[in-house]
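Enquirer:
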Amino acid sequence: MQENNLSQSMEDYIEAIHILEKNNKVARVTDVGKELNVKKASVVAALNYLKSINVITHEHYGYITLTRKGKEIAERIYRKHKILYDFLSNTLNVDKARAKVEACAIEHALSEDTIEKLVLFVKQANLIIKKLKKSK
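Going by the numbering used here, the sequence shown wraps up at 337, each residue one higher than the last.
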């Protein structure tokens with residue numbers, strides 16, 4: 202389920218900006234383009250839309266900053282991605298590069314409720330695995 206009826210593409214832009222701010226302290230048009238492997242014109246069009254719905258602030262040729270609303274959305278998307286990535290790579294032993302791509306694809310389709318159920322499932326499965334290992 203997508204955040205506030207945002208498209209998968211817009212969610213990807215928000216998540217990319219969040220990651221860039223987290224890792225580099227700043228996000229720029231060229232950085233977002235590289236992160237998502239898209240052209241500058243596509244980034245600018247997406248930023249104009251995100252600015253119009255108050256998810257980001259961006260001055261022409263300046264840094265991109267998530268607003269409070271943008272940060273809340275980004276953190277939910279990023280959390281889903283991290284949970285799914287961990288599940289795929291650690292629990293299912295999917296190759297890390299593939300897990301990253303597939304987590305990104307899945308994160309847009311799952312609701313918060315489903316993610317919470319997945320977290321509970323993994324916790325319970327880990328407890329069972331620990332108990333089985335101790336009993337050997």
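The beta-carbon is built from N, C-alpha and C at its ideal position, and this holds for glycine as well.
1. Just verifying my parser: in three-state terms, what is the DSSP assignment at Leu267?
2. Output the distance between the C-alpha atoms of Arg229 and Lys334, rounded to the nearest integer angstrom.
3. Where do the ends of the beta strand (DSSP E) carrying Thr258 lie?
4. Just list the alpha helix (DSSP H) runs in the segment 212-241, keeping only unbroken ones of 4 residues or longer that don't cross its boundaries, in chain order.
5. If you draw a straight line from the C-alpha of Lys240 to the C-alpha of Gly234, how long is it?
6. Looking at the secondary structure, which residues open and close the alpha helix (DSSP H) in which Asp296 lies?
7. Are Ile274 and Leu221 close, meaning C-beta to C-beta below 9 Å?
8. Over the uninterrupted alpha helix (DSSP H) stretch that includes Leu319, give me the two end residues.
9. Would you call Lys281 buried or exposed, if buried means 16 or more other Cβ atoms sit within 10 Å of its Cβ?
10. Excluding the 5 residues preceding and the 5 following Ile265 in the sequence, name in chain order all residues of the same chain whose CB lies nearer than 6 Å to its CB.
11. Measuring only the C-alpha atoms, how far is Tyr279 from Glu216?
12. If you compare alpha carbons, which of Glu236, Thr231, Leu267, Gly271 is closest to Cys305?
13. Going by alpha carbons, who is nearest to Ser312 out of Lys324, Ala246, Arg277?
Expert: Looking at the coordinates:
1. Translated into positions along the sequence shown, residue 267 becomes position 66. Judged by DSSP in its simplified three-state form, Leu267 adopts strand.
2. Counting from 1 along the sequence shown, the entry for residue 229 is found at position 28. Counting from 1 along the sequence shown, the entry for residue 334 is found at position 133. About 49 Å.
3. Along the sequence shown, read from residue 1 onward, the residue named residue 258 stands at position 57. Counting along the chain, the beta strand (DSSP E) containing Thr258 begins and ends at 257-259.
4. Whole alpha helix (DSSP H) segments, 4+ residues: 230-237.
5. Sequence index remark: in the sequence shown, residue 240 carries index 39 (1-based). Sequence index remark: in the sequence shown, residue 234 carries index 33 (1-based). Lys240 and Gly234 have their C-alpha atoms some 6 Å from each other.
6. By 1-based counting over the sequence shown, the position of residue 296 is 95. Run containing Asp296: none; DSSP gives neither H nor E here.
7. Along the sequence shown, one-based indexing puts residue 274 at 73. Along the sequence shown, one-based indexing puts residue 221 at 20. At the C-beta level, Ile274 and Leu221 stay beyond 9 Å of one another.
8. By one-based count along the sequence shown, residue 319 stands at place 118. Here the alpha helix (DSSP H) through Leu319 covers 313-336.
9. Taking the first residue of the sequence shown as position 1, residue 281 is located at position 80. Buried is the call here.
10. For the purposes of this step, residue 265 is identified with residue 64 of the sequence shown, where counting begins at 1. Beyond the five residues adjoining it in sequence on each side, Ile265 comes within less than 6 Å, by CB distance, of Ile218, Ala228, Ile257, His259 in the same chain, given in chain order.
11. In the sequence shown, the residue the question calls residue 279 occupies position 78. In the sequence shown, the residue the question calls residue 216 occupies position 15. Straight through space, the alpha carbons of Glu216 and Tyr279 are spaced by roughly 6 Å.
12. Here residue 305 corresponds to residue number 104 of the sequence shown, with the count starting at 1. Out of Glu236, Thr231, Leu267, Gly271, Glu236 has the C-alpha closest to the C-alpha of Cys305.
13. To locate residue 312, count along the sequence shown from 1; it is residue 111. Each of Lys324, Ala246, Arg277 was checked against the Cα of Ser312, and the nearest Cα belongs to Arg277.
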